[in-house]
Amino acid sequence: GDLSRPDAARLHKFLDKLAPTPGELAARRRALFALAAHRVPGVVSYSIRVLARLGRANLIPPAELIDAVEPALLASAKSTATTALAIVALALRRDPRVQRRALEQFATAVAHPDSEVQLAAIEAVAPHLVAHPDIAAHLNELLPELSATAGQCLRAALPHQPAAEPTAPAAAVE
């Protein structure tokens, strides 16, 4: 349902006191996926916290986790966004086949308004930019929107284009 902020806080406390097992939570992962896109930040935070727990326990396939946390990458709470980033990074470590999708998610998080989230996303995506020039080009376009520190960090991480070969001077005609 549509919860208010106070209702969400009470629901978190209630759910935490129930102490569901990881298996019980994994069985309800579709509901957690839906909550990751909820309009109330506290609900998003709760679902991301639970999804992180399930990801660490390897109870949800990496590809599902990456897709589920996408809305939270731009969450207003930086702790929620950085936890979503950590979930994507964990999924990538567990299954290299999801690399492309994970890098797209890291690139999404680079656009977060908080500089700490931007920096965390840049740190996560940087090692892979040489192999993915299209993502590097997309990130290059985001440079004007980033904080000064994040922009500087991203500039350093972007693969450098080889300088154009200087033209050889024309041979003097005698």
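Adding 98 to a residue's 1-based position in the sequence shown gives its number in our numbering. Note that CB positions come from ideal geometry on N, CA and C, so glycine has one too.
Rounding to the nearest angstrom, what Cα-Cα distance links residue i and residue j in this structure?
i	j	result
Leu227	Thr206	14 Å
Pro264	Pro257	Summary for Pro264: the model assigns pLDDT 46, below 50, so the residue's position carries little reliability; its value from the coordinates is reported in the next sentence. Cα-Cα distance, rounded: 20 Å.
Ser174	Ala229	31 Å
Leu201	Leu152	21 Å
Ala134	Pro169	6 Å
Pro159	Asp193	9 Å
Leu217	Ile185	16 Å
Ala150	Ala219	17 Å
Arg137	Ala125	23 Å
Pro242	Ala209	10 Å
Asn156	Gly140	24 Å
Ala222	Gln203	10 Å
Val148	Leu130	8 Å
Ile164	Arg199	7 Å
Arg253	Lys176	23 Å
If the criterion is Cβ atoms closer than 8 Å, does the pair residue i and residue j meet it?
i	j	result
Gln197	Leu188	no
Ser213	Thr178	no
Leu183	Leu172	no
Val215	Thr180	yes
Ala224	Ala255	yes
Which complete alpha helix (DSSP H) runs does the stretch 155-239 hold, if anything under 4 residues is left out? 160-167, 176-192, 197-208 and 213-223
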